[in-house]
Amino acid sequence: MFDISPSNLLISVLVVLFAKQLINAIGKATLENIGWSAYCKVAPKLGDSKFIELDQKRSELAKVSKEKKSISAQDQYARWTKLNRQSDKLTVDINKLKEETSSSRSYINKYIGYAILVTTTLPIWFFRVWFRKAVLFYFPTGVLPYHVEWFLALPFITTGGVGLTIWMTAVNNVISSVIFLIKFPFEKEVPYPSQEVEKEKSSINREKVSGTPVAK
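Sequence positions in the sequence shown follow full-length UniProt numbering and run 1 to 216.
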């Protein structure tokens, strides 16, 4: 049962660890927002009455707003006032429906959490437990010092081979480093501290050392 060749096991672990690191890089909160946005688009097609009504209200508001912008408040004050009241009422209704539908978000977040658990966390622990004694590959005798071979065989296999624990640790670190290098150029730059801030820090440090306030 679950007899997997070492090569397939290597690839499977690589895919699962890559998915885990990718999810960590994107962020669970971002995935929850994406999932919620997708559900909001699909829910009316699935027949959810609240979302159907919310879509209708939004369409009505868009039409009213467009018509209100097309007329002059001075020339057609009565018509503009009526449209403005309709816009305000629709806005209130939309906000109320948003509050009512937001209760579904907790369920969406829960299912996203389950999906992450099933696709990453559980497979990783399954591999660690079920294949803990599997030898992925061996080093030729004498290639590495004995103490290195002994370390690579930890914690369950014979010296000279590489087990799943060491392999997963190495792959996880490599993938994490690669993702960091890819993300780094797109990170927001941290501004250099201004001269005023540097002077303030220097004054505080001198005060701590001398015990007397520094004149500014």
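Note that the Cβ used here is the ideal one computed from N, Cα and C, for glycine as well.
Asked, Found
"Give the secondary structure of Phe137 by DSSP, where H, G and I count as helix, E and B as strand, and everything else as coil.", "strand"
"Looking at C-alpha atoms only, which residue of Ala29, Phe156, Gly47 is the closest neighbour of Val129?", "Phe156"
"Counting C-beta neighbours from all protein chains within 10 Å, is the total for Phe180 16 or more, i.e. buried, or is it exposed?", "exposed"
"Please determine, among Asp93, Pro6, Ile94, Leu17, the residue with the shortest C-alpha to C-alpha distance to Asn173.", "Leu17"
"I need the boundaries of the beta strand (DSSP E) containing Gly163, first residue and last residue.", "161-163"
"In this structure, does DSSP put Lys41 in helix, strand or coil?", "helix"
"Taking just the CA atoms, how far does Lys89 sit from Ala25?", "42 Å"
"From Val143 to Ile116, what distance separates their C-alpha atoms?", "40 Å"
"Can you find at least 3 beta carbon pairs, one from the stretch 3-13 and one from the stretch 78-93, that sit closer than 8 Å?", "no"
"Starting from Pro123, trace the alpha helix (DSSP H) both ways and give me its first and last residue.", "122-130"
"State the Cα-Cα distance for the pair Val15 and Val171, rounded to the nearest angstrom.", "10 Å"
"Which two residues bound the contiguous alpha helix (DSSP H) that contains Ala62?", "49-70"
"Could you tell me how far apart the beta carbons of Gly161 and Val135 are, in whole angstroms, since I believe they sit closer than 8 Å?", "4 Å"
"Are there three or more Cβ pairs, one per stretch, closer than 8 Å when the stretch 93-100 is compared with the stretch 63-81?", "no"
"Would you mind stating whether Lys68 and Leu83 have Cβ atoms separated by less than 7 Å?", "yes"
"Taking DSSP as the reference, what is the three-state secondary structure of Ile157?", "coil"
"Judging by CA-CA distance, which residue of Ala43, Ser106, Tyr107, Ser65 is the nearest neighbour of Lys55?", "The sequence shown places Asp at residue 55, not Lys. Ranking Ala43, Ser106, Tyr107, Ser65 by Cα distance to Asp55 puts Ala43 first."
"Give the secondary structure of Glu189 by DSSP, where H, G and I count as helix, E and B as strand, and everything else as coil.", "coil"
"What three-state label does DSSP hand Ile4 in the structure shown?", "coil"
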